[in-house]
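Novice: The structure under discussion is supplied below as structure tokens; questions concerning it will follow.
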Amino acid sequence: MSMEKISIIVSKGSLEGIYPALIMANGARAEGIEANLFFTFFGLDAVSTKRSGHVKIGAVGNPGLHLATFIGALPGVSGLMTRYMARKMDRLDIPPIPEFIEMISDTGAGLYACKAACDLFGLTKDDLVPQVKDIITVGEFYEIAEGGQIVYT
Amino acid sequence: MSMEKISIIVSKGSLEGIYPALIMANGARAEGIEANLFFTFFGLDAVSTKRSGHVKIGAVGNPGLHLATFIGALPGVSGLMTRYMARKMDRLDIPPIPEFIEMISDTGAGLYACKAACDLFGLTKDDLVPQVKDIITVGEFYEIAEGGQIVYT
Amino acid sequence: MSMEKISIIVSKGSLEGIYPALIMANGARAEGIEANLFFTFFGLDAVSTKRSGHVKIGAVGNPGLHLATFIGALPGVSGLMTRYMARKMDRLDIPPIPEFIEMISDTGAGLYACKAACDLFGLTKDDLVPQVKDIITVGEFYEIAEGGQIVYT
């Protein structure tokens, strides 16, 4: 299979869950690969007008952060780690999530939200950023993804 | 590549880890796509007779829940969020995990458990729901998945 | 698509995040499938000379462990569960991460680290185990992965 299309499912609502998906979609477009993003479950936060600018790092249950577990659970630590990470990303020219979503949409990538998850969380198209083309079912996702790679993040 | 087959690896033992895999498998079968589920590591809970009905949400380290971290860590909060989510899913006609597993098996999807993970947790076929066709190695999984997409959840 | 190549992205820095990726890569090589590992975000811990031998289980936010959440958050519990899991893996002949990385590299798999993530965490090639062939961009990853499956773990 030649790498002509990639459809990336975004299922997590943490910084470390959302960024890899956005970076992969952006990188694919830069290589001329067709890219789609499908936001589902907590991943909907990335395209929710209320939440998109306030996504945090998962500071507990994340041994990769090298924090003692009980420190990660203290009030404020998740926000602190998030601001620290945001500053480092800014220095690397990785934009905050809302700007990154806009940028990726501008490259011609297709952004979609999952119908079942929107129903579950009571979200309609009005609650989502305008870059989301449509709220679609799993079946419609498979049609859009046809002929390419599916990557679940 | 035409979308003829999808093989979904279920590696997580939380509600938000297991449901997307089941929804994807079910959606694939509805589109006439061949679907296999391969349960490994904590994902084995979805097909364990003891655990399948008691899977919970991961209430800490999950910023998508929008709970203050220390609240997610309180005894009982994970169970509370799980019951809340279960009620919402019920209203959307998304069945509890054991019924969903049965339903997906009835559509003709193939359900398999990972041998290495079963050995690790001391599980035999008797500990798994009858819908699991077999306990197979990673090599056998690759043979079953051949010619289709592999999605890791 | 015949299963000729698989490129596995390792994004998590926990035992339960890293092992499935390594087991899949190793199993692919055993079947004669070309295999690449691409370490990004917290997954870089698997190939960091400082961290590779000290990866822990995520003991909170992981309902699959069947621990009460507040127990998982106690100091020392993550280390305790990690040692318990390591002993069980040892009995199943699953090697510790640093040895497993060596073994997989010896099978001819290609190991790569993600440039953006290395920049984010301030890591250079000197901080990584010698089995890592190169630090590459997302675009270069797509070139290496071309013609095969991409699996994100």
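Protein sequence lines correspond, in order, to chains A, B and C.
The first sequence: position 47 = 47 (the working numbering), numbered continuously.
The second sequence: position 142 = 142 (the working numbering), numbered continuously.
The third sequence: position 137 = 137 (the working numbering), numbered continuously.
The beta-carbon is built from N, C-alpha and C at its ideal position, and this holds for glycine as well.
State buried or exposed for Gly32(A), treating a residue as buried only when at least 16 other CB atoms are found within 10 Å of its CB.
Specialist: As a first step, residue 32(A) must be located in the first sequence, where it is residue number 32. With fewer than 16 other Cβ atoms within 10 Å, it is exposed.
Novice: Quick check on the DSSP output: what are the complete beta strand (DSSP E) runs of length 3 or more inside the segment 115 to 146 of chain A, in order along the chain?
Specialist: You should have 134 to 136.
Novice: Around the C-beta of Pro130(C), are 16 or more other C-beta atoms found within 10 angstroms, so that it is buried, or is it exposed?
Specialist: Taking the third sequence and counting its residues from 1, one reaches residue 130(C) at position 130. Pro130(C) should be labelled exposed.
Novice: Out of Val47(A), Gly43(A) and Pro63(A), point me to the one whose CA is closest to Pro63(B)'s CA.
Specialist: On the second sequence, position 63 is the one that residue 63(B) refers to. With distances taken between Cα atoms, Pro63(B) lies closest to Gly43(A).
Novice: Counting only beta-carbon atoms, is Asp45(A) nearer than 7 Å to chain B?
Specialist: Position 45 of the first sequence holds residue 45(A). Judged by the 7 Å Cβ criterion, Asp45(A) is in contact with chain B.
Novice: Just to confirm before moving on: does the CB-CB distance between Val155(C) and Ala35(C) stay below 7 Å?
Specialist: An answer regarding residue 155(C) cannot be provided, because it is not within the stretch 1 to 153 covered by chain C.
Novice: Closer than 7 Å between beta carbons: that is the criterion. Which residues of the segment 11 to 45 of chain C meet it against chain B?
Specialist: Taking 7 Å as the Cβ-Cβ cut-off against chain B, the residues of the segment 11 to 45 of chain C that qualify are Glu16, Pro20, Ile23, Met24, Gly27, Ala28, Ala30, Glu31 and Ile33.
Novice: Which residue's Cα is closest to the Cα of Cys118(A): Lys88(B), Gly27(B), Thr82(B) and Ile6(B)?
Specialist: In the first sequence, residue 118(A) corresponds to position 118, counting from 1. Comparing Cα-Cα distances from Cys118(A) to each of Lys88(B), Gly27(B), Thr82(B) and Ile6(B), the minimum goes to Lys88(B).
Novice: According to DSSP, is Gly110(B) part of a helix, a strand, or is it coil?
Specialist: On the second sequence, position 110 is the one that residue 110(B) refers to. Correct three-state label for Gly110(B): strand.
Novice: Looking at chain A, which residues of the segment 88 to 103 of chain B have a Cβ within less than 8 Å of any of its Cβ atoms?
Specialist: From the segment 88 to 103 of chain B, only Lys88, Met89, Leu92 and Ile94 have a Cβ closer than 8 Å to chain A.
Novice: Exposed or buried, which one is Asp134(C) when buried takes at least 16 other CB atoms within 10 Å?
Specialist: Here the question's residue 134(C) lines up with position 134 in the third sequence. Counting Cβ neighbours within 10 Å, Asp134(C) comes out exposed, since fewer than 16 surround it.
Novice: Does the Cβ-Cβ distance between Met81(C) and Ile101(C) come in under 7 Å?
Specialist: Your numbering for residue 81(C) matches position 81 in the third sequence. Your numbering for residue 101(C) matches position 101 in the third sequence. No; because the gap between Cβ atoms is not below 7 Å, this pair is not in contact.
Novice: Measure the C-alpha to C-alpha separation of Ala86(C) and Ser78(B) and round it to an integer number of angstroms.
Specialist: Position 86 of the third sequence, counting from 1, holds the residue named residue 86(C). Position 78 of the second sequence, counting from 1, holds the residue named residue 78(B). Whole-angstrom Cα-Cα distance: 27 Å.
Novice: Looking only at its chain, what residues have a beta carbon closer than 6 Å to the beta carbon of Ile150(C), apart from the 5 residues adjacent to it on each side?
Specialist: Residue 150(C) sits at position 150 when you count from the first residue of the third sequence. So the qualifying residues of the chain are Ser7.
Novice: Once DSSP output is grouped into helix, strand and coil, what is the label at Met1(B)?
Specialist: Translated into the one-based positions of the second sequence, residue 1(B) becomes position 1. No answer about Met1(B) holds up, because its pLDDT of 47 lies below 50 and its placement is not dependable.
Novice: Could you check whether Gly139(C) and Gly110(A) sit closer than 7 Å to each other, using their CB atoms as the reference points?
Specialist: Mapped onto the first sequence, residue 110(A) falls at position 110. Mapped onto the third sequence, residue 139(C) falls at position 139. Contact: no.
Novice: Measure the alpha-carbon distance for Ser52(C) versus Ser105(C) and round it to whole angstroms.
Specialist: Position 52 of the third sequence, counted from the first residue, corresponds to residue 52(C). Position 105 of the third sequence, counted from the first residue, corresponds to residue 105(C). Each residue's Cα considered, the two are about 15 Å apart.
Novice: Which two residues bound the contiguous alpha helix (DSSP H) that contains Ile94(A)?
Specialist: As a position in the first sequence, residue 94(A) is number 94, starting the count at 1. First-last for Ile94(A): undefined, no H or E at that position.
Novice: CB-CB under 7 Å to Asp126(B), same chain, minus the five flanking residues each way: which ones, in chain order?
Specialist: If you number the second sequence from 1, residue 126(B) lands on position 126. Hits under 7 Å: none found.
Novice: So which of Ile136(A), Gly148(A), Leu123(A) and Tyr84(A) has the shortest CA-CA distance to Lys50(A)?
Specialist: Translated into the one-based positions of the first sequence, residue 50(A) becomes position 50. Comparing Cα positions, the closest option is Leu123(A).
Novice: Nearest by alpha-carbon distance to Thr137(C): which of Leu120(C), Ala116(C) and Leu128(C) is it?
Specialist: One-based indexing of the third sequence puts residue 137(C) at position 137. The option with the nearest alpha carbon to Thr137(C) is Ala116(C).
Novice: Suppose the cutoff is 7 Å on Cβ atoms and the five residues either side in sequence are ignored; what does the same chain contact list for Leu128(B) look like?
Specialist: Taking the first residue of the second sequence as 1, we reach residue 128(B) at position 128. Cβ neighbours of Leu128(B) beyond the five flanking positions: Val47, Ser48, Thr49 and Ala113.
Novice: Looking at the C-beta of Met3(A), does it have a partner C-beta in chain C at a distance below 7 Å?
Specialist: Locating residue 3(A) in the first sequence gives position 3, where the first residue counts as 1. Closer than 7 Å to some Cβ of chain C, the Cβ of Met3(A) qualifies, so yes.
Novice: Cβ atoms of Phe38(B) and Phe141(B): under 7 Å apart, would you say?
Specialist: Residue mapping note: residue 141(B) aligns to position 141 of the second sequence, counting from 1. Residue mapping note: residue 38(B) aligns to position 38 of the second sequence, counting from 1. It is a contact, given that the beta carbons lie within the stated cut-off.
Novice: Expressed to the nearest angstrom, what Euclidean distance is found between the alpha-carbon atoms of Arg29(C) and Met103(C)?
Specialist: For the purposes of this step, residue 29(C) is taken as residue 29 along the third sequence, with counting starting at 1. For the purposes of this step, residue 103(C) is taken as residue 103 along the third sequence, with counting starting at 1. The straight-line gap from Cα to Cα measures roughly 11 Å.
Novice: Identify, in the order they occur along the chain, each residue of the same chain with its Cβ nearer than 8 Å to the Cβ of Val132(A), setting aside the five sequence neighbours on each side.
Specialist: In the first sequence, residue 132(A) corresponds to position 132, counting from 1. Excluding sequence neighbours, Val132(A) sits near Phe39, Val47, Leu111, Tyr112, Ala113 and Lys125.
Novice: Go ahead and pull the three-state DSSP assignment for Val10(B).
Specialist: Counting from 1 along the second sequence, the entry for residue 10(B) is found at position 10. DSSP places Val10(B) in strand when its eight states are reduced to three.
Novice: For Asn62(A), which three-state DSSP category applies?
Specialist: Position 62 of the first sequence, counted from the first residue, corresponds to residue 62(A). Looking at Asn62(A) - three-state DSSP - the assignment turns out to be coil, as it is neither helix nor strand.
Novice: Would you verify that the beta carbon of Gly64(C) is, or is not, closer than 7 Å to some beta carbon of chain B?
Specialist: Locating residue 64(C) in the third sequence gives position 64, where the first residue counts as 1. By this cut-off, Gly64(C) is an interface position.
Novice: Examine chain B for any beta-carbon lying closer than 7 Å to the beta-carbon of Val77(C), and answer yes or no.
Specialist: Position 77 of the third sequence, counting from 1, holds the residue named residue 77(C). So, not an interface residue.
Novice: Express the C-alpha separation of Tyr19(B) and Ile94(B) in angstroms, rounding to a whole number.
Specialist: Position 94 of the second sequence, counting from 1, holds the residue named residue 94(B). Position 19 of the second sequence, counting from 1, holds the residue named residue 19(B). Whole-angstrom Cα-Cα distance: 9 Å.
Novice: Taking DSSP's pairing of strands, which residues face Ala25(A) in a bridge?
Specialist: In the first sequence, counting from the first residue as 1, residue 25(A) sits at position 25. Per DSSP, none; premise fails for Ala25(A).
Novice: Would you mind working out which of Leu74(B), Gly76(B) and Thr107(B) sits nearest Leu155(B), comparing C-alpha positions?
Specialist: The shown model of chain B, from 1 to 153, leaves out residue 155(B), and the question about it has no answer.
Novice: Helix, strand or coil: how does DSSP classify Leu74(B) here?
Specialist: Here residue 74(B) corresponds to residue number 74 of the second sequence, with the count starting at 1. Three-state result, Leu74(B): coil.
Novice: DSSP three-state call for Ile101(C): helix, strand or coil?
Specialist: For the purposes of this step, residue 101(C) is taken as the residue at position 101 of the third sequence. Ile101(C) falls in the helix class under three-state DSSP.
Novice: Let me know the secondary structure DSSP gives Glu34(A) once reduced to three states.
Specialist: Position 34 of the first sequence holds residue 34(A). Strand, per DSSP.
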